[in-house]
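Undergrad: Chains as they are written, first to last, in our numbering: chain A, 62 to 175; chain E, 36 to 151.
Here's a structure for you.
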């Protein structure tokens, strides 16, 4: 079974600074997708970024980028120029290419200091 | 973008009653919908997978007679919490997968259930 591990329950970053959220996963599959979701206080899950396992290039979406290390099964999220609106819970998630189920990590609460 | 709407967003009910939560994909056809439960500051726990026109597949430990799931059309899935108890109080979230598998799931806004 696939597992997703987010070992840091909380992190804090100064506004305008950069923060990296870590995530590791375990799988024996070769075809899969990885995601980072943001859940602000409104509880609405928002997709931040996605990465297909077959792509070697790290995904980037504006201030958000990932460091995908396939051999190490690591998928960290870097948030640059942190903003107050980035404060939220962030979940790392895995999806097999064979089905649609998402396996979530425990999440990390990110706070942004003004 | 793909929009998934949940209704109601908040519901309060008495113990022993049943509550229905709807999950609709507003601008796409969802062949598969998922129902999750989330406790405060915790991760999302998958309860069941709902495929249009067939019976839902429940995760281990989830009572299918208590959490009835129906996926009657390509745009609507419902979760009915039967004979609700206070321990069923939680945040319930649905997500939907499009016909074309891009790998991405789209989430509803969630429904807060409080059982008195």
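The C-beta atom is built at its ideal place from N, Cα and C for all residues, glycine as well.
Kindly give me the distance between the Cβ atoms of residue 116 of chain E and residue 53 of chain E, rounded to whole angstroms, as I take these residues to be in contact under 8 Å.
TA: Contact holds; Cβ gap of about 7 Å.
Undergrad: Between residue 106 of chain A and chain E, is there a C-beta pair that is closer than 8 Å?
TA: It does; some Cβ of chain E falls within 8 Å.
Undergrad: Compare the beta carbon distance of residue 111 of chain E and residue 102 of chain E with 8 Å and say whether it is the shorter of the two.
TA: No, they are not a contact pair.
Undergrad: If you drop the 5 nearest sequence neighbours on each side, which residues of the same chain put their C-beta closer than 7 Å to that of residue 149 of chain A?
TA: Here the set comprises 99, 100, 101, 171.
Undergrad: With a Cβ-Cβ cutoff of 8 Å, do residue 135 of chain A and residue 90 of chain A count as a contact?
TA: No.
Undergrad: Specify the secondary structure class of residue 109 of chain E as computed by DSSP and reduced to three states.
TA: Note: residue 109 of chain E maps to coil in three-state DSSP.
Undergrad: With a threshold of 8 Å between beta-carbons, can residue 141 of chain A be considered close to chain E, or not?
TA: False, the Cβ-Cβ gap to chain E never drops below 8 Å.
Undergrad: Just how far apart, CA to CA, sit residue 79 of chain E and residue 121 of chain E?
TA: The straight-line gap from Cα to Cα measures roughly 19 Å.
Undergrad: Along chain A, which residues have their Cβ under 7 Å away from the Cβ of residue 78 of chain E?
TA: What residue 78 of chain E touches in chain A: 152, 165, 166, 167, 168.
Undergrad: Less than 8 Å separating the beta-carbons of residue 173 of chain A and residue 145 of chain A?
TA: For residue 173 of chain A and residue 145 of chain A, yes; Cβs fall inside 8 Å.
Undergrad: Tell me the residue span of the beta strand (DSSP E) that contains residue 87 of chain A.
TA: From DSSP, the beta strand (DSSP E) with residue 87 of chain A extends over 85-87.
Undergrad: Out of E:82, E:100, E:65, which has the shortest C-alpha to C-alpha gap to residue 88 of chain E?
TA: Comparing Cα positions, the closest option is E:65.
Undergrad: Should residue 132 of chain E go down as buried or exposed, given a rule of 16 or more other Cβ atoms within 10 Å for buried?
TA: Residue 132 of chain E should be labelled buried.
Undergrad: For residue 67 of chain E and chain A, any beta-carbon pair shorter than 8 Å?
TA: By this cut-off, residue 67 of chain E is an interface position.
Undergrad: Kindly indicate if chain A contains any beta-carbon less than 8 Å away from that of residue 45 of chain E.
TA: Chain A contact via Cβ: absent.
Undergrad: How about the region 123-134 of chain A and the region 55-73 of chain E: do they share at least three Cβ pairs that are nearer than 8 Å?
TA: With a cut-off of 8 Å, the region 55-73 of chain E and the region 123-134 of chain A do not count as touching, because too few Cβ pairs lie within range.
Undergrad: With burial defined as no fewer than 16 other Cβ atoms inside 10 Å of the residue's Cβ, what is the status of residue 141 of chain E: buried or exposed?
TA: With 16 or more Cβ atoms within 10 Å of its Cβ, residue 141 of chain E is classed as buried.
Undergrad: Residues of chain A with a CB under 9 Å from the CB of residue 84 of chain E: which are they?
TA: Simply 160, 161, 162.
Undergrad: Helix, strand or coil, according to DSSP, for residue 61 of chain E in the structure here?
TA: DSSP places residue 61 of chain E in coil when its eight states are reduced to three.
Undergrad: Are there 16 or more other CB atoms within 10 angstroms of the CB of residue 95 of chain E, so buried, or fewer, so exposed?
TA: Residue 95 of chain E comes out exposed.
Undergrad: For chain E, find out if any of its Cβ atoms is closer than 8 Å to the Cβ of residue 124 of chain A; answer yes or no.
TA: Closer than 8 Å: no.
Undergrad: Would you kindly work out how many angstroms separate the C-alpha atoms of residue 68 of chain E and residue 41 of chain E, rounded to a whole number?
TA: Answer to the nearest angstrom: the Cα atoms are 12 Å apart.
Undergrad: Using 8 Å as the limit for Cβ to Cβ distance, is residue 111 of chain A near chain E?
TA: Judged by the 8 Å Cβ criterion, residue 111 of chain A is in contact with chain E.
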